[in-house]
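Heads up, the sequence shown is in my numbering, so the first residue is 29 and it goes up one at a time. All C-beta atoms in this analysis are idealised placements derived from N, C-alpha and C, irrespective of residue type, glycine included. On a predicted model such as this, the values are computed, not experimentally measured, just so you know. Written below as structure tokens is the structure these notes are about.
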Amino acid sequence: MAKIDIFDTTLRDGEQSAGINLNTQEKLEIARQLEKFGVSIIEAGFPASSPGDFNAVQQIANTVKNSVVTGLARSIKSDIETSWEALRGGVQPHLHTFIATSPIHMQYKLNKTPEQVIEIAVESVKLARKYFPLVQWSAEDATRSDKDFLVRIINEVIKAGATTINIPDTVGYATPIEYGALFRYLSENVTGIEKVKLSAHCHDDLGLAVSNTLAAIENGATQVEGTINGIGERAGNAALEEVAVALHIRSDYYQAESGIVLKETKRTSQLVSKLTGVVIQPNKAVVGKNAFAHESGIHQDGMLKNPETYEIITPELIGDVATELVLGKHSGRHAFFSRAVQMGFQLSDEKLNAAFTAFKKLADRKKEISDEDLFVLLTDQQVSSGEVEVYELEELVINYENNVPTASITVKMPTGESTTAKGNGSGAVEAIFNTLEKLVNGEVRILDYRVSSVSKGRDALGEAVINLSYNGATSSGRNASQDVLKASARAYINAVNRQLMNAHFKERVAVIQ
Ligand SMILES: [Zn+2]
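Printed below as a string of structure tokens:
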């Protein structure tokens, strides 16, 4: 069996996609889960892009012990040096640097000749190796590059000290046979390729990201990159859980193993979905909520006689197991704590106690507390930073005055005093948003908003996720409550608070790679 290293870029390529902004606590929580999931490398961010990214990468590098932590840097001295400061605390400091190699990118974006591009790549790898034991170099837009130019530049960066060579299909243009052939060509023509890791990085613009990734593995890739749930720029990246499960189920064919702890798949997927606010389509392979549901009568009949008639993956394989024990009003502290541990949470005593208080409050109003409810409740405690909220909802009253939905909202202001405002709209939610806009002292545009049920039943928690622009900068927020109007108001305030607490998001440098 060949060993394929899994390189996760959920926190870099995934996080930079539209509408996602994770705070440091949330990134740390995802990184811890990725470590449990068994990924070889975690790309934690782009340290030079903003102080917030720097801080998150540094904390992740200092915390994670069983996965290598890396950060992205352009071929710029200050990017590489800033990255070193962020990553030096890691167990094996690793840097990911890149430059574009396609004619269109070199000419229009970089305005450089191919010779100049080789020179810059070599210089940046040499500089990176002064600090980092592990340096990955990527040929941005590799699949639209001249393949003999790729051979030339890769020869040079390997000589300069690169330890991994990544061949990204940056724009999601390649087909599996072409992409596989490129890996074969590089394996056969690059000097010293056997001494370095060869990596695939695919985007899903044509729906081929996972297929291309697997084609690369068949043709010599020893590392593959992607994100959880396939999130990312545009149509997203290769979904790592799909790659890992394909390698496992078809190990007879691929003869490769990823080291991924498959029973952590469901939890990893749910955590990323919850914290990023990116919902998983129900029919998504491996982790979609219908991935194991059999509707047709013929299938159901076959499944009852022998599950293997129609089931190639079991829910147990990916850790999708419902627990029999349901917690409720009479469940004590001990039952609650042990379930939290069983569900994979490691919370401080202080956070466990706060979660237990929230649980008791919910149990007073909801008969059965499901694992989904607990997941929301415990995750919220886990990622709460303990920072003081900038704005805080104190009271929300909705009336239908002469049939017009009217909201009266009291908010604790940044100054500490309470302020009340009133406003209306054509619906209750609009009335709330209109009123809150008066209170938060800025111009707000709603870009996306949705409410979904966390578990089943009429007393289920409703989770509101909102994406808005506040004084010109986009931000997202979320909140779960039995009262969806309150959840919506709190999600709105959460988004505004995040933007105020992370003002540097505005100056963040964007890269596509
Ligand atoms: Zn990418």
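Provide the residue(s) that pair with residue 231 in DSSP beta bridges, ordered along the chain. For the purposes of this step, residue 231 is identified with residue 203 of the sequence shown, where counting begins at 1. Per DSSP, the beta bridge partners of residue 231 are 265.
Terminal residues of the beta strand (DSSP E) in which residue 420 lies: In the sequence shown, the residue the question calls residue 420 occupies position 392. Unbroken beta strand (DSSP E) run through residue 420: 420-429.
What are the boundary residues of the alpha helix (DSSP H) that residue 492 is part of? Translated into the one-based positions of the sequence shown, residue 492 becomes position 464. For residue 492, no alpha helix (DSSP H) segment is defined; the enclosing uninterrupted segment is the beta strand (DSSP E) at 490-498.
Beta-carbon contacts of residue 411 that lie in its chain and below 6 Å, excluding the five residues immediately before and after: Here residue 411 refers to the residue found at position 383 when the sequence shown is read from its first residue. Here the set comprises 53, 54, 57.
Which of helix, strand or coil DSSP assigns to residue 524: Counted from its first residue, the sequence shown places residue 524 at position 496. Residue 524 falls in the helix class under three-state DSSP.
Secondary structure of residue 409, DSSP reduced to three states: Taking the sequence shown and counting its residues from 1, one reaches residue 409 at position 381. The DSSP-derived three-state label of residue 409 is helix.
Closest to residue 244 by C-alpha separation, out of 261, 272, 492, 204, would be which residue? Locating residue 244 in the sequence shown gives position 216, counting from the first residue. The shortest C-alpha separation from residue 244 is found at 204.
When DSSP builds the beta bridges, which residues end up paired with residue 33? Position 5 of the sequence shown, counted from the first residue, corresponds to residue 33. Beta-bridge pairing links residue 33 to 251.
By the three-class DSSP mapping on this structure, what secondary structure does residue 371 have? As a first step, residue 371 must be located in the sequence shown, where it is residue number 343. When DSSP states are grouped into helix, strand and coil, residue 371 belongs to the coil group.
In terms of residue numbering, what span does the beta strand (DSSP E) encompassing residue 449 cover? Here residue 449 corresponds to residue number 421 of the sequence shown, with the count starting at 1. Taken as a continuous stretch (DSSP letters only), the beta strand (DSSP E) holding residue 449 covers 446-452.
Quick one: Cα of residue 535 to Cα of residue 77, how far? For the purposes of this step, residue 535 is taken as residue 507 along the sequence shown, with counting starting at 1. For the purposes of this step, residue 77 is taken as residue 49 along the sequence shown, with counting starting at 1. Bear in mind that the predicted position of residue 535 carries a pLDDT of just 49, short of 50, making it too unreliable to give a figure here.
When DSSP labels each residue in this structure, what does residue 532 get in the three-state scheme? Here residue 532 refers to the residue found at position 504 of the sequence shown. Confidence is the limiting factor: at residue 532 the pLDDT is only 46, short of 50, which leaves the residue's position unreliable, though a coordinate-based value still follows. The answer is helix: DSSP assigns residue 532 an H, G or I state.
Could you pull out every unbroken alpha helix (DSSP H) segment of at least 4 residues lying fully inside the region 122-170, listed in chain order? Listed in chain order, they are 142-159.
Closer than 7 Å to a non-hydrogen atom of ligand 1 - does that hold for the CB of residue 265? Numbered from its first residue, the sequence shown carries residue 265 at position 237. For ligand 1, at least one heavy atom lies less than 7 Å from the Cβ of residue 265.
Roughly how many angstroms lie between the CA atoms of residue 310 and residue 318, to the nearest whole one? Start at 1 with the first residue of the sequence shown, and residue 310 comes out as number 282. Start at 1 with the first residue of the sequence shown, and residue 318 comes out as number 290. Note on geometry: alpha-carbon atoms of residue 310 and residue 318 lie some 5 Å from one another.
Ranges of the beta strand (DSSP E) found wholly within the region 184-222, counting only runs of at least 3: Counting whole runs of 3 or more residues, the region 184-222 contains the beta strand (DSSP E) stretches 192-197.
Report yes if the C-beta of residue 196 is less than 7 Å from at least one heavy atom of ligand 1; otherwise report no. Counting from one through the sequence shown, the residue named residue 196 turns up at place 168. Checking the 7 Å criterion, the Cβ of residue 196 is within range of a heavy atom belonging to ligand 1.
Please classify residue 487: is it buried, with 16 or more other beta-carbons within 10 angstroms of its beta-carbon, or exposed? Residue 487 sits at position 459 when you count from the first residue of the sequence shown. Answer is exposed; the Cβ neighbour count stays below 16.
For residue 64, three-class secondary structure by DSSP: Residue numbering aside, residue 64 sits at position 36 when the sequence shown is read from its first letter. The three-state reading of DSSP puts residue 64 in helix, counting H, G and I together.
I need the straight-line Cα distance from residue 256 to residue 267, nearest angstrom please. Mapped onto the sequence shown, residue 256 falls at position 228. Mapped onto the sequence shown, residue 267 falls at position 239. About 6 Å.
Own chain, CB closer than 8 Å to residue 510, minus 5 neighbours either side, in chain order: Taking the first residue of the sequence shown as 1, we reach residue 510 at position 482. Around residue 510: 390, 393, 394, 487, 488, 489, 490.
Taking the beta carbon of residue 281 as the centre, do at least 16 other beta carbons fall within 10 Å, making it buried, or is it exposed? In the sequence shown, counting from the first residue as 1, residue 281 sits at position 253. Residue 281 is exposed by the Cβ-count criterion.
Can you tell which of 158, 117, 168, 153 has the C-alpha that lies nearest to the C-alpha of residue 130? Counted from its first residue, the sequence shown places residue 130 at position 102. It is 168 whose Cα lies nearest to the Cα of residue 130.
Using a 10 Å radius around the Cβ and a threshold of 16 neighbouring Cβ atoms, would you call residue 349 buried or exposed? Taking the first residue of the sequence shown as position 1, residue 349 is located at position 321. By the Cβ-count criterion, residue 349 is exposed, with fewer than 16 other Cβ atoms from all chains shown falling within 10 Å of its own Cβ.
Along the chain, where does the alpha helix (DSSP H) that runs through residue 297 open and close? Looking up residue 297 in the sequence shown gives position 269. Counting along the chain, the alpha helix (DSSP H) containing residue 297 begins and ends at 293-304.
For residue 208 versus residue 34, is the C-beta distance shorter than 8 Å? Against the sequence shown, residue 208 aligns to sequence position 180. Against the sequence shown, residue 34 aligns to sequence position 6. For the pair residue 208 and residue 34, the CB atoms are not nearer than the 8 Å cut-off.
Have a look at the DSSP bridge pairing and note the partners of residue 477. Walking along the sequence shown from the start, residue 477 turns up at place 449. According to DSSP, residue 477 bridges with 494.
Coil, strand or helix - residue 314 by DSSP: Taking the sequence shown and counting its residues from 1, one reaches residue 314 at position 286. If DSSP states are grouped into helix, strand and coil, residue 314 belongs with coil.
May I ask you to report which of helix, strand or coil DSSP gives residue 226? Working through the sequence shown from its first residue, we reach residue 226 at position 198. DSSP places residue 226 in the strand class (E or B) of the three-state scheme.
In the DSSP assignment, what are the bridge partners of residue 583? Given that the chain is displayed from residue 29 to residue 541, the structure contains no residue 583 and the question cannot be resolved.
Using a 10 Å radius around the Cβ and a threshold of 16 neighbouring Cβ atoms, would you call residue 362 buried or exposed? Taking the sequence shown and counting its residues from 1, one reaches residue 362 at position 334. The residue in question, residue 362, is exposed, as its Cβ has fewer than 16 Cβ neighbours within 10 Å.
Considering Cα atoms alone, identify which of 93, 94, 109 is closest to residue 590. For the chain, the structure presents residues 29 to 541; residue 590 sits outside this window and is missing.
Reduced DSSP secondary structure (H/G/I, E/B, other) of residue 341: Residue 341 sits at position 313 when you count from the first residue of the sequence shown. Three-state DSSP puts residue 341 in coil, outside helix and strand.
Grouping DSSP H, G and I as helix and E and B as strand, with all else coil, what is residue 321? Working through the sequence shown from its first residue, we reach residue 321 at position 293. In the structure shown, residue 321 adopts coil according to DSSP, grouped into three states.
If I'm right that residue 200 touches residue 229 with Cβ under 8 Å, what's the distance once you round it to whole angstroms? Locating residue 200 in the sequence shown gives position 172, where the first residue counts as 1. Locating residue 229 in the sequence shown gives position 201, where the first residue counts as 1. So it is not a contact: roughly 11 Å between Cβ atoms.
To the nearest angstrom, report how far apart residue 242 and residue 506 are at their CA atoms. As a first step, residue 242 must be located in the sequence shown, where it is residue number 214. As a first step, residue 506 must be located in the sequence shown, where it is residue number 478. Taking the straight line from one Cα to the other gives about 36 Å.
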